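Down below is the structure, laid out as C-alpha cells.
In my numbering, the protein residues as written are 6 to 409.
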C-alpha cells in the first residue's frame with residue numbers, strides 16, 4: 006500500500022493553490038500533484054485528493070462528513086453562536102450532517118421543486134433578452150450580465166423584491182468569507198453583513214406569513230412534513246443560504262464559461278449555431294473551469310482513498326476542479342469540447358450535500374450562453390478582468406468584454 010506523500014514539491018504546489026496566480030490557473034498544478042501521488046498531505050495535516058474517483062468518494066460517501074460546528078470552539082471561537090455570520094452559516098443545510106441535515110433538506114426540497122424551477126423558464130428568457138439588449142460596445146460582463154441574471158432569478162424564486170436584490174452582492178461576499186478563513190478581521194465584516202441579510206429576510210418572512218404568495222419564501226414558511234416544521238431560525242438561515250448560493254455559483258459559471266468559450270472561438274461559434282448543444286455545453290463548461298474548486302470533509306469511519314487506508318478523524322480536501330480534469334475519467338481533459346458525451350462533472354458536489362440549486366443554475370446557463378453567442382458572434386475579451394479572491398470559489402468580480 007503506498008504512503009501518503011508530503012514532499013517539498015507537494016507543499017510548494019499546495020501553497021501556490023492558495024495564492025494568485027495559482028488560483029487563476031490551477032490545472033497544471035493539479036496535474037503535477039496527481040502525477041506525484043493520488044493522495045498527499047498538506048502542511049496543516051489535511052489529506053488532499055485530486056483524482057476524479059477519490060473526489061467523488063469524498064463528496065458522496067457517508068463516511069465523510071462536514072466538521073461539526075462545535076469544533077469552532079477548538080479553533081478559538083467558543084462563542085461562535087454569538088457571531089451572526091457563524092451562527093447563520095453553521096446552522097444551515099450547507100454545514101450540517103444527518104439527522105439534522107436530512108430533516109432540513111427534506112423540508113426545503115419540498116419547496117424547491119422541479120416544477121417551481123421550470124416555471125421560471127419564461128422569466129429567465131425575458132431577463133436574458135433584456136440584459137443582452139443592454140450589453141452593447143464595451144461592458145463589464147459580470148456587472149452587466151453574469152451577476153444581474155442569477156440574482157434576479159433567485160430573487161424572483163424566493164420572492165425578494167427587485168429593488169432589494171442588488172444590495173445583497175457585497176453583503177453575501179462579506180458574510181461567506183467565513184467559509185474560507187475565520188479571523189477577527191473577517192468577522193468584523195461578516196457579522197454586520199449576516200445581520201443585514203437576516204433583517205432583510207426576516208421582514209420578508211413576516212410579510213409572507215400575512216400574505217403568502219407563489220414564491221419560495223412563502224413555501225418555506227408553510228413547509229411541513231408530518232408534524233415537523235421549519236422554525237423561524239431555520240427558515241432564515243436556509244433562505245439566506247439559498248439566496249447566496251443562488252447567485253454566487255451561477256455568476257461564476259457564466260463568467261468562467263464566457264472566458265472558456267472566447268478562448269476557443271470555434272466552440273463559441275458552434276454554440277451560437279447549434280442551440281441543441283446547450284445542455285452538454287453547460288456540463289462541459291462546468292467541467293472545464295468549475296465555479297467550485299474544492300470541498301472538505303472529516304472522516305468518521307475508516308475508508309480508503311488513493312489506495313491508502315485513511316483513519317477516522319482525518320480531514321480530507323477534494324480538489325473538484327482537479328477531478329474534473331482527471332485524464333483517467335475524461336479524454337483530453339484540457340480541451341474544451343461542447344459535444345463531450347458521458348460528462349459528469351463534480352462541480353455541484355454529490356451525495357446528500359449535492360447542490361439543491363443545481364437545476365436552476367444549469368437552466369440559467371443553458372438559456373443565457375447560447376443566446377449570448379447568437380446575439381454577439383464577435384464578442385471578445387477587452388482585458389484580463391478581476392479574479393474572485395477565494396480559495397474554494399473560482400470566478401471574476403469584473404470581466405471587460407467588447408460586443409463587436
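Idealized CB from N, CA, C, for every residue including glycine. Treat the numbers as computed from the prediction; the structure is a model and nothing was measured.
DSSP places residue 309 in the strand class (E or B) of the three-state scheme. Rounded to the nearest whole angstrom, the CA to CA distance from residue 43 to residue 311 is 5 Å. DSSP, reduced to helix, strand and coil, places residue 226 within a helical segment of the structure shown. Per the coordinates, the alpha-carbon of residue 26 lies some 12 Å from the alpha-carbon of residue 391.
Taking the C-beta atoms as reference points, residue 343 is found nearer than 8 Å to residue 276. In this structure, DSSP gives residue 301 an extended state, which the three-state scheme calls strand. Contact annotation, residue 163 with residue 220: C-beta distance approximately 6 Å; criterion of less than 8 Å satisfied. Annotation for residue 367: no beta strand (DSSP E) segment contains it, though the alpha helix (DSSP H) segment containing it runs 363-380.
In the same chain as residue 395, and ignoring 5 residues on each side of it, the C-beta atoms closer than 8 Å to its own belong to 28, 185, in chain order. If you check the CB distance, residue 351 and residue 60 come in under 8 Å.
In the structure shown, residue 87 falls within a helical segment according to DSSP collapsed to helix, strand and coil.
In the same chain as residue 198, and ignoring 5 residues on each side of it, the C-beta atoms closer than 6 Å to its own belong to 176, 179, 180, in chain order. Residue 234 and residue 111 have their C-alpha atoms spaced approximately 11 Å apart.
Secondary structure of residue 324 (DSSP, three-state): strand.
Residue state for residue 165 is assigned as coil, using DSSP reduced to three classes.
Between residue 200 and residue 89 a beta carbon distance of about 5 Å is seen, short of the 8 Å cut, so the two are scored as contacting.
Setting aside the 5 residues that flank it on each side, residue 355 is surrounded in the same chain by 61, 64, 65, each with a C-beta closer than 7 Å to its C-beta; the list follows chain order.
At a Cβ-Cβ threshold of 8 Å, residue 408 and residue 70 do not count as neighbours.
For residue 345, the closest C-alpha among the options 357, 96, 329 is that of 329. Using a C-beta cut-off of 8 Å, the stretch 252-261 makes no contact with the stretch 118-128, since fewer than three inter-stretch Cβ pairs fall below that distance. In the structure shown, the three-state DSSP call for residue 406 is strand.
One alpha carbon belongs to residue 261, the other to residue 325, and they sit about 15 Å apart.
Under DSSP, residue 144 forms a beta bridge with 406.
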